[in-house]
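J.: Residue numbers for the sequence shown follow full-length UniProt numbering, so the first one is 1 and each next one is one higher.
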Amino acid sequence: MSTVNNSDVFQLTAMGFSDSDAREALRITSGNMELAVNHLLSDVGGASSSAATTSTVAETTSVDLTTVIQGTTSQYTFSNVGRSACTCIALTAASMFLSKFDGSSSGDVQDVLSPEFLDRMITQGIETYQQILTTSSNSTAVEHMSAEEVLQQQPNVHLQIAAGGVRQGVLTHDRDYPLGLKALVEGILMESRESNEWICLLMTKTPETILICLPPPSLATESSFWLIDSHPRTQFGNTIESAYACPHPSLQALLESLYAIFPTTDLGPDIPEMMAEMYNSFDLYPLQRQYPTN
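#1: Who are the near neighbours of Pro247 in its chain, counting only those whose CB is closer than 6 Å to its CB and skipping five residues on each side?
#2: Which partner residues of Phe225 appear in the DSSP bridge assignment?
#3: With DSSP collapsed to three states, give me the class of Lys205.
#4: Between Phe17, Gly164, Arg23, Gly237, which lies nearest to Val4 when the distance is taken from Cα to Cα?
#5: Quick one: is Gly237 buried, meaning 16 or more other Cβ sit within 10 Å of its Cβ, or exposed?
#6: Determine the direct distance from the alpha carbon of Asp108 to that of Ala36, and round the result to whole angstroms.
#7: Decide if Asn196 is buried, meaning its Cβ has at least 16 other Cβ atoms within 10 Å, or exposed.
#8: Look at Leu202 and Ala94 and say whether their C-beta atoms are less than 8 Å apart.
#9: Going along the chain, which residues of its own chain have a beta-carbon closer than 6 Å to the beta-carbon of Leu118, five neighbours each way excluded?
#10: If you follow the alpha helix (DSSP H) that Asp21 is in, where does it begin and where does it stop?
#11: For a quick check, are the C-beta atoms of Ser20 and Gln168 less than 8 Å apart?
#12: In terms of alpha-carbon separation, which member of Tyr259, Met190, Thr239 lies closest to Asp174?
#13: Let me know if Tyr279 comes out buried or exposed under the rule of 16 or more other beta-carbons within 10 Å of its beta-carbon.
#14: Let me check understanding here. Comparing Cα to Cα, which of Ala147, Val81, Leu219 lies closest to Leu251?
#15: Grab the span of the alpha helix (DSSP H) containing Leu189 for me, first residue to last.
#16: On the premise that Met121 lies in contact with Ile132, defined as a C-beta separation below 8 Å, what is that separation, rounded to the nearest angstrom?
#17: Are the CB atoms of Leu211 and Leu159 within a distance shorter than 8 Å?
#18: Is it right to say Pro269 is buried, meaning 16 or more other beta carbons lie within 10 angstroms of its own, or is it exposed?
#19: By DSSP, does Pro286 sit in helix, in strand, or in coil?
#20: Alpha carbon to alpha carbon, what distance is there between Gln11 and Glu186?
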């Protein structure tokens, strides 16, 4: 059983949470402050008992649902088994997707992405998640895993993290914020120009992970910018009840979908700026196809 750090309890109570709620959240999340804050601010985590006030502006985005590819399952189809498997599922999807393209080969994305693709990424991703939990020494303590943790325990022959590594950013109301989503994605695209290959971005905003597929510069005018997601969504005008792959005609259109899924949350004037930034933080993992070495 993990030990609760009293200094962490003090930080959470200073944010307006009760001592008992703070200790319970830290116990459940094994002392991870970011997960503890997320737990306390979620509906399930007892936000109603907290003194902290949150405000999230719900956004919707204009998506032609006739172009959206939908599977028959989501990560929640498999009850608790898939509830926390989204990082493994997204990495599985990236591996499946990138393995189909040789360099800047245009191929036909529509031949790659299908309901069968989405269902397979769910089942294989959950299998990977279960394998990690089975072999992990702290399997009872860890639910949501980072991409590094997954790749360390289950190396993928098709994937490598691109040069520059993980990018950490913050969601704000300023779309041009230097560490915002737009700036980081545009920066990764600029850096990947030389390779001229498809690149996948695994985006984690605790507790969710989704996958973004960006075409190489040579195909940017003829290929879509894809969002692949194992979660059901309501942000696109109508409810999508399964895993889906959504094409976007431009990077800006893709960003609008991401802003709808991950809106900036205002935690109120009593919350320290550092904690507010931590709650609105996200990670981007640029993934490229890994080729065999001779």
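In this text, a Cβ means the ideal position worked out from N, Cα and C, and glycines have one as well.
T.: The answer reads as follows:
#1: What you label residue 247 is simply residue 247 of the sequence shown in a count that begins at 1. For Pro247, same chain residues with a beta-carbon under 6 Å away, outside a window of 5 residues either side, are Thr67, Ser224, Trp226 in chain order.
#2: One-based indexing of the sequence shown puts residue 225 at position 225. According to DSSP, which records beta bridges pairwise, Phe225 is partnered with His248.
#3: Counting from one through the sequence shown, the residue named residue 205 turns up at place 205. In this structure, Lys205 counts as strand in the three-state DSSP scheme.
#4: On the sequence shown, residue 4 is found 4 positions in, with the first residue counted as 1. The shortest Cα separation from Val4 among Phe17, Gly164, Arg23, Gly237 belongs to Arg23.
#5: Numbered from 1 along the sequence shown, position 237 holds the residue referred to as residue 237. Counting Cβ neighbours within 10 Å, Gly237 comes out exposed, since fewer than 16 surround it.
#6: Counting from 1 along the sequence shown, the entry for residue 36 is found at position 36. Counting from 1 along the sequence shown, the entry for residue 108 is found at position 108. Taking the straight line from one Cα to the other gives about 43 Å.
#7: In the sequence shown, the residue the question calls residue 196 occupies position 196. Asn196 should be labelled exposed.
#8: Locating residue 202 in the sequence shown gives position 202, counting from the first residue. Locating residue 94 in the sequence shown gives position 94, counting from the first residue. Yes, Cβ-Cβ distance for Leu202 and Ala94 is below 8 Å.
#9: In the sequence shown, residue 118 corresponds to position 118, counting from 1. Here the set comprises Gly71, Ala243.
#10: The residue labelled residue 21 in the question sits at position 21 within the sequence shown. For Asp21, the enclosing alpha helix (DSSP H) has its first and last residue at 19-28.
#11: Position 20 of the sequence shown holds residue 20. Position 168 of the sequence shown holds residue 168. No. Outside cutoff.
#12: On the sequence shown, residue 174 is found 174 positions in, with the first residue counted as 1. If we check each option's Cα against that of Asp174, Tyr259 comes out closest.
#13: Here residue 279 refers to the residue found at position 279 when the sequence shown is read from its first residue. Tyr279 should be labelled buried.
#14: As a first step, residue 251 is located in the sequence shown; it is residue number 251 there, counting from the start. The residue with the shortest Cα to Cα distance from Leu251 is Leu219.
#15: By 1-based counting over the sequence shown, the position of residue 189 is 189. Start and end: 181-191.
#16: One-based indexing of the sequence shown puts residue 132 at position 132. One-based indexing of the sequence shown puts residue 121 at position 121. Incorrect: roughly 16 Å between the Cβ atoms, too far for contact.
#17: To locate residue 159, count along the sequence shown from 1; it is residue 159. To locate residue 211, count along the sequence shown from 1; it is residue 211. No.
#18: Sequence index remark: in the sequence shown, residue 269 carries index 269 (1-based). Pro269 is exposed by the Cβ-count criterion.
#19: Translated into the one-based positions of the sequence shown, residue 286 becomes position 286. Strand, per DSSP.
#20: On the sequence shown, position 186 is the one that residue 186 refers to. On the sequence shown, position 11 is the one that residue 11 refers to. Using only the alpha carbons, I get a separation of about 35 Å.
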